[in-house]
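Enquirer:
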Amino acid sequence: MDHLPLKLAIDDRRPTLLIGFLEPSLINAPQSDERHWRFVYESFSDLAEQLKFYNQQLYLLQTEVQEFFTRLTEQYQIKIIFSHEETGIQITYDRDKAVAEFCKTNGINWTETPTGGVIRGIRKRNNWPKHWYSKMECLVENPEIEQLQSVKLKGSLINDLQVDSKFKTRHPSFQEGGESKAKLYLKSFFEVRVNNYNKHISKPEYSRKSCSRLSPYLAWGNLSMRQVYQAGKEASKNGGSKRNIQSFLSRLRWHCHFIQKFEMMDRYEYMNINPAYNEIRDNWSEQKYQAWETGNTGYPLIDACMKCLIETGYLNFRMRSMLVSFLTHHLWLDWKRGADYMASLFLDFEPGIHYPQFQMQAGTTGYNTVRIYNPVKQSEDNDPDAVFISKWVPVLKNLPLQFKHKPWTMTAMEENMYGVKIGKDYPFPIVDVKQTYKEASKNLWSIKNKRHTREEARKILALQNEEERVESGGD
DNA sequence: AGAAGTTTTCT
DNA sequence: GAAAACTTC
């Protein structure tokens, strides 16, 4: 039996799953840091390549994990497994229960470490921000991972496990994964890009440079929240733009806040958080849904956002919200299918942020204010020169500016003149947002004002702390 | 971190 | 008459 320590590495050196073979001096260090690692899945020689980002999150599920560990135990005697605590979705929770069972059966000590200041198993979030700050201020450990001696497994686990082939091809337009790339993004953000952070945060095109773009690295565990937080503090001290950095750092806290919230209330994933909204959107239209899903709604900014998301796996926060708003308010479709679909598109899918945000935007919490985005107003406000629209809906790129925002307002003569016929080259608007705005607004406000809805909202809020009330606008 | 409608303030 | 402030859904 081999007793060497075993490592699985992400990109250069990042452990994704550490499986220890009783070599305490070597395996203590990663335990004390909070950078996290997802379960991995491949014969080690292929890992550096495999763990670039894929076009979907790579989750090994229950049966695959069981087989993975069974395979490992055929070659090595496992004494201890380190992993991060993951605030995941139902299928990953089921997987973890299976892993725990496996460990118990085989006498393996599974040690999980907290992630991003999120606390497992609490009922109330009082003083949570203070806890978060103290976690972020802790020393960042730099374990000498390279000292760990790695060993190779025979064969290729991904191939053997028949993981869906879509996981195996990295989309060429995606950000590159790995810790070394993560550090380049971190550096360029705080040195240069952060200077336009507040100014560009809602702009679909310019946010792609001026936002950090660190979210995939955080989601995949190439960087820890603590590393990012401390890099921001350092940059601020060294003459960086204080206001911009401050805004960014406070969003890091909200990032973790929502994960904490989801950790404590996982039903955000699969049911309306407020049951008062259970029957409101019960007319499904596959045709409307497909138009949204493929970016063929006839509203240029909506379509541009969806096509961009499909192609690059990234959109800024506001444009994500707008897509949700269009689906749930203007098309008046239930959120669940769209939520799972968008989750599958995000390179930076983070369950704890995604599902609570989706429901908040869909208006199914009862305690957030109703927000119905007007896609034309958003387009004129946030993509005033239509650079983003022109890029992602190229059929519109030669139209005069006003028609890029509202192509359906062209006359037949103008359609001829510019060679774009609405209904043929680009769709008619699938709904009239002026009309759907009124209907959605009327429906949502009437439900929100019902006694029953308020009571349910109060019950949900009772489980939440003071900070939450600020967030929800004192509703 | 919404949008539309209405009232008040500023030029 | 436009911009800002405030209200309401």
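Residue numbers (the numbering used here): 1155 to 1629. Even glycine gets a Cβ: it sits at the ideal position worked out from N, Cα and C.
Between the alpha carbons of residue 1601 and residue 1432, how many angstroms are there, rounded?
Expert: The straight-line gap from Cα to Cα measures roughly 11 angstroms.
Enquirer: Among the residues of its own chain, which have a CB less than 7 angstroms from the CB of residue 1560, if the five just before and after it don't count?
Expert: Answer for residue 1560: 1530, listed in chain order.
Enquirer: In angstroms, rounded to a whole number, what distance separates the CA positions of residue 1367 and residue 1567?
Expert: Taking the straight line from one Cα to the other gives about 43 angstroms.
Enquirer: Taking 8 angstroms as the limit between beta carbons, can you name the residues of its chain near residue 1426, skipping five residues before and five after?
Expert: Around residue 1426: 1432, 1513 and 1518.
Enquirer: Going by other Cβ atoms of all chains shown within 10 Å of its Cβ, with 16 needed for buried, is residue 1191 buried or exposed?
Expert: With a pLDDT of 33 at residue 1191, under the threshold of 50, the predicted position of this residue should be treated as unreliable, and no value is reported.
Enquirer: Taking all protein chains shown into account, do 16 or more other C-beta atoms lie within 10 angstroms of the C-beta of residue 1606, making it buried, or fewer, making it exposed?
Expert: With fewer than 16 Cβ atoms within 10 Å of its Cβ, residue 1606 is classed as exposed.
Enquirer: Quick one: measure Cβ to Cβ for residue 1375 and residue 1238, integer angstroms, because I've assumed they're closer than 8 angstroms.
Expert: Residue 1375 to residue 1238, Cβ: 7 angstroms. Contact.
Enquirer: For residue 1228, verify whether its CB is less than 6 angstroms away from any heavy atom of the ligand ATP.
Expert: Questions concerning the ligand ATP fall outside what the structure shown contains, since it holds no ligand whatsoever.
Enquirer: CB-CB under 7 angstroms to residue 1349, same chain, minus the five flanking residues each way: which ones, in chain order?
Expert: 1395 and 1398, listed in sequence order.
Enquirer: DSSP on residue 1359, reduced to helix/strand/coil?
Expert: In the structure shown, residue 1359 sits in coil (DSSP, three-state: anything other than H, G, I, E or B).
Enquirer: With 16 other CB atoms within 10 Å as the buried threshold, where does residue 1502 fall?
Expert: Classification for residue 1502: buried.
Enquirer: Quick one: which unbroken alpha helix (DSSP H) runs of 4-plus residues sit fully inside the segment 1483–1509? Chain order, please.
Expert: 1489–1499, all fully within the segment 1483–1509.
Enquirer: Assuming residue 1542 contacts residue 1458 under a Cβ cut-off of 8 angstroms, what Cβ separation, rounded to an integer in Å, is found between them?
Expert: Yes, residue 1542 and residue 1458 are in contact; Cβ-Cβ is about 6 angstroms, under 8 angstroms.
Enquirer: Express the C-alpha separation of residue 1595 and residue 1587 in angstroms, rounding to a whole number.
Expert: Spanning the two alpha carbons is a distance of roughly 11 angstroms.
Enquirer: Less than 7 angstroms between the C-beta atoms of residue 1516 and residue 1489, yes or no?
Expert: Yes, Cβ-Cβ distance for residue 1516 and residue 1489 is below 7 angstroms.
Enquirer: Quick one: what's got a C-beta closer than 6 angstroms to residue 1274's C-beta in the same chain, skipping five residues either side?
Expert: Counting only Cβ-Cβ distances below 6 angstroms, and skipping sequence neighbours, we find 1239.
Enquirer: Helix, strand or coil: how does DSSP classify residue 1206 here?
Expert: With a pLDDT of only 36 at residue 1206, under the threshold of 50, the placement of this residue in the model should not be trusted; the figure read from the coordinates follows. It is coil, neither helix nor strand.
Enquirer: At what residue ranges does the segment 1503–1546 contain a whole run of the alpha helix (DSSP H), taking only runs of 4 or more?
Expert: DSSP runs (the alpha helix (DSSP H)) wholly in the segment 1503–1546: 1505–1516, 1529–1536 and 1541–1546.
Enquirer: Hey, out of 1283, 1250 and 1451, whose CA is closest to residue 1440's CA?
Expert: Checked all of 1283, 1250 and 1451; the closest Cα to residue 1440 is 1451.
Enquirer: Would you report the Cα separation of residue 1370 and residue 1464, rounded to the nearest angstrom?
Expert: If I take the Cα positions, the gap works out to 15 angstroms.
Enquirer: Just curious, the alpha helix (DSSP H) that residue 1597 is in, first and last residue?
Expert: Counting along the chain, the alpha helix (DSSP H) containing residue 1597 begins and ends at 1587–1602.
Enquirer: Could you tell me the distance, in whole angstroms, from the CA atom of residue 1360 to the CA atom of residue 1424?
Expert: Approximately 34 angstroms, taken between the alpha carbons.
Enquirer: How big is the Cα-Cα spacing for residue 1614 and residue 1548?
Expert: About 45 angstroms.
Enquirer: Across which residues does DSSP place residue 1264 in a beta bridge pair?
Expert: Answer is 1235.
Enquirer: Rounded to whole angstroms, what is the Cα-Cα separation between residue 1616 and residue 1609?
Expert: Spanning the two alpha carbons is a distance of roughly 10 angstroms.
Enquirer: Using 10 angstroms around the beta-carbon of residue 1244, count the other beta-carbons present and answer buried if the total reaches 16, otherwise exposed.
Expert: The residue is exposed, with fewer than 16 neighbouring Cβ atoms inside 10 Å.
Enquirer: Excluding the five sequence neighbours on either side, which residues of its own chain have a C-beta within less than 6 angstroms of the C-beta of residue 1557, listed in chain order?
Expert: Excluding sequence neighbours, residue 1557 sits near 1564.
Enquirer: Let's see if you can read the secondary structure: which residues bound the alpha helix (DSSP H) around residue 1474?
Expert: 1471–1479 is the extent of the alpha helix (DSSP H) around residue 1474.
Enquirer: Using CA atoms only, rank isn't needed, just tell me which of 1454, 1413 and 1537 is closest to residue 1379.
Expert: Taking only the C-alpha atoms, the option nearest residue 1379 is 1413.
Enquirer: Please report the straight-line C-alpha distance between residue 1507 and residue 1436, rounded to a whole angstrom.
Expert: Rounded to whole angstroms, residue 1507 to residue 1436 spans 25 angstroms at the Cα level.
Enquirer: Taking the alpha helix (DSSP H) that residue 1407 falls in, what are its first and last residues?
Expert: It spans 1396–1418 - the alpha helix (DSSP H) in which residue 1407 sits, taken as one unbroken run.
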